[in-house]
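Written out below as structure tokens is the structure these notes cover.
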DNA sequence: TGATCTAAGTTACCCGCGTTACTAAGGGGT
DNA sequence: ACCCCTTAGTAACGCGGGTAACTTAGATCA
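Protein chains in written order, with the numbering used here: chain A, 29 to 384; chain B, 29 to 384.
Written out as structure tokens, the structure reads:
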């Protein structure tokens, strides 16, 4: 008896260490019986009476299984790992939330390892490798690799030792499966909405044209216009820094370039921060939103979109869903099931607020 | 030999399971020797030659320790747990970042469990209990309990079984140690800054006056005014909903209540979202920031403060530092050291941008 | 009546590793 | 030649729990 409770050092009640053995003794059965009951194995035959006696003992002693020991014995850990730069930048936290929730549903745990990978490839690669290494030491059964911004990445070598799924990014080297937002459709629904509201002259405030987000969204814009028998006027597309100031400058350019009659009646800003700047440019000119100029953003950054006045209609990045889908894909992989597509696209829904 | 490599099922190279035994065999020594070398124990005597031979074997086989087994044998897990609602609301993610970084430095792991605790006490208590329970099953050595908004909370019972530290909240029941922002000093530095710029008529846009943040910040305002021989005019304090709209309304009230001569020349908004609304109210009246009205916010929500035009001078909540301090406090507790104060206050620094 | 079968458990081994004895070989002192 | 002390390791036990193989008592069957 004495051996199970470690001597209390300070005042803190530290009674750790109720093991299955203690439960077994208390219930007057073997440890194996306890194990069978706890994992309610149907194949083992334990009488109903013994079952409840064991359950009572568990209750009485406050027994709590030791996850580490269980993992050791059963050779399965019930843990996934996620290595990500997101903890550094609060942009895409919903990926973590989605993954975590889904993992919770699957009765699994998510180990989160930070990585200050940054945008410059190769920087801090050391830390990232270490993160993966640490996760593998915990014997995670699968790995999620998540980025804040949709882009191509190089995944650390050791990540290949275990099923790995990329979220919000894709593998530049090999062919690891990935989950990315469907930027193209996102661009399309935004413009479709504007067309439906009667706008035909639509200015586009673009991101750096080389990044996947810009490529996809702009393609979506063309899709929507084409479906309406229109073409994208290159003069109406202005790129800027992905900030409020960048959006302000770009909006000024677009708005001042035309006479009132020819001026676009709507702006599609490829992210919310730029939309925020565009708002200022529009208001400065004595124009109203959406009366004179309708605005649609992209990203659905709550802090901006929900608090701008008027509230911003925008296309949402489905972070949460991507996170959940990442875990589901991982579950399939670890179960040995083949996955359907190597790259899964997740819809970007349009969130209607008051700027159209 | 054959037993260590499990039969590859699909194409994936799954060679899991290099153990210390394999390393020992490869190096021609006992497993114990390997263990000694890996934990580089000075007291054990292993010749330099054997040491390198073992290190080489580790390298050659790609051995990676099994964290679970190590935890089981050594009776220490190297893990802390953090249960928090933050994953749900991206407001205070920096707490996680700070904790994670500090944990990484201490060579420890952070297990994050989500809890949709919400503001209404008692709701979803079940899920929160389950989260703590799960963390304890992983045998975390300590627990962090973090909230998005500074407030009093009830911590699940089982959390008391292990050293626990509250971050950005405090214990309503017992006396668990906590780390909270020094709201009062934050309010003081903001007003001091305004006084230094020559403002004496300062409007305050208040939060719900009952929450700790409002109480502390307002007290700080009084401190600063008193030090300058001034008093807080109650008429200059207007409470509103903690949103942009709320700030807009409150600012309108304050601005319209006075003649131009008597009008306050500065607004201290008790959070950034309200400052965002105040900006609109000010601009609508044809006034400039900071020329006619200086503005200071609180919270330093990057997305708002850094992108408003002009950029918002604001008081930052020290989330990251609080997270790190939480882990440090936990480390002290688990090491059996007594902690100095039951409630640790962390400074809220003023971030100067362009609105003063 | 003895053989066979089933229900209800139990014994014993293993997971990968930390750790405390213990051994074995060489060296020095007297 | 004998004893003791290092140095360099090794054997063996235990951490908490999963699980295959085995036992034992009663029930069924021929």
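For each residue, glycine too, the CB sits at the ideal point set by N, CA and C.
Limits of the alpha helix (DSSP H) - the one that residue i falls within
i              : result
residue 277(A) : 272-284
residue 66(A)  : 59-66
residue 74(A)  : No alpha helix (DSSP H) holds residue 74(A); DSSP gives it neither H nor E.
residue 133(B) : 121-133
residue 53(A)  : 48-55
residue 255(B) : 240-255
7 angstroms Cβ shell around residue i - same chain, five flanking residues per side excluded
i              : result
residue 344(A) : 328, 376, 377, 379
residue 126(A) : 347, 348, 349, 350, 351, 352
residue 360(A) : 367
residue 299(B) : 235, 270, 325, 326, 327
residue 274(B) : 268, 302, 305
residue 41(B)  : For residue 41(B), the pLDDT reaches just 30, beneath the cut-off of 50, and the residue's location in the model is therefore unreliable, leaving the point undetermined.
residue 336(B) : 304, 307
residue 136(B) : 106, 107, 108
residue 225(B) : 322, 384
8 angstroms Cβ shell around residue i - same chain, five flanking residues per side excluded
i              : result
residue 163(B) : 109, 111, 139, 141, 171
residue 272(A) : 301, 302, 304, 305, 308
residue 64(A)  : 72, 74
residue 280(A) : 309
residue 248(A) : 211, 212, 213, 214, 215, 216, 217, 218, 219
6 angstroms Cβ shell around residue i - same chain, five flanking residues per side excluded
i              : result
residue 278(A) : 233, 266, 268
residue 217(A) : 378
residue 246(B) : none
residue 193(B) : 172, 205, 354, 357, 358
residue 251(B) : 216
residue 160(A) : 111, 184, 186, 187
residue 339(A) : 381, 382
residue 47(A)  : none
Coil, strand or helix - residue i by DSSP
i              : result
residue 103(B) : coil
residue 369(B) : coil
residue 163(A) : helix
residue 262(A) : helix
residue 141(A) : strand
residue 115(A) : coil
residue 214(A) : helix
residue 195(B) : strand
residue 108(A) : strand
residue 343(A) : strand
residue 374(B) : strand
residue 329(A) : coil
residue 310(A) : helix
residue 349(A) : helix
residue 288(A) : coil
Residue i versus the options, residue with shortest Cα-Cα distance
i              : options                        : result
residue 45(B)  : 107(A), 189(A), 129(A), 306(A) : 189(A)
residue 167(A) : 371(B), 155(B), 274(B), 98(B)  : 98(B)
residue 320(B) : 295(B), 77(B), 96(B)           : 295(B)
residue 293(A) : 222(A), 337(A), 280(A)         : 222(A)
residue 123(A) : 88(A), 197(A), 174(A), 105(A)  : 174(A)
residue 230(B) : 212(B), 259(B), 339(B), 206(B) : 259(B)
residue 94(B)  : 340(A), 89(A), 94(A), 100(A)   : 100(A)
residue 227(A) : 196(A), 310(A), 70(A), 290(A)  : 290(A)
residue 313(A) : 282(A), 339(A), 342(A)         : 282(A)
residue 370(A) : 197(A), 248(A), 297(A), 186(A) : 197(A)
residue 263(B) : 284(B), 136(B), 47(B)          : 284(B)
residue 66(A)  : 54(A), 91(A), 53(A), 56(A)     : 91(A)
residue 133(B) : 156(B), 120(B), 107(B)         : 107(B)
residue 202(A) : 181(A), 210(A), 214(A), 136(A) : 181(A)
residue 121(A) : 176(A), 49(A), 51(A)           : 176(A)
residue 362(B) : 104(B), 58(B), 128(B), 191(B)  : 191(B)
residue 276(A) : 297(A), 54(A), 131(A)          : 297(A)
Unbroken beta strand (DSSP E) run spanning residue i, endpoints
i              : result
residue 209(B) : 206-209
residue 173(A) : 170-181
Proximity test, residue i beta-carbon vs the ligand FMN heavy atom, cut-off 6 angstroms
i             : result
residue 90(A) : The ligand FMN is not part of this structure, which contains no ligands at all.
Strand pairing of residue i, partner residues [DSSP]
i              : result
residue 295(B) : 231(B), 323(B)
residue 267(B) : 234(B)
residue 379(A) : 342(A)
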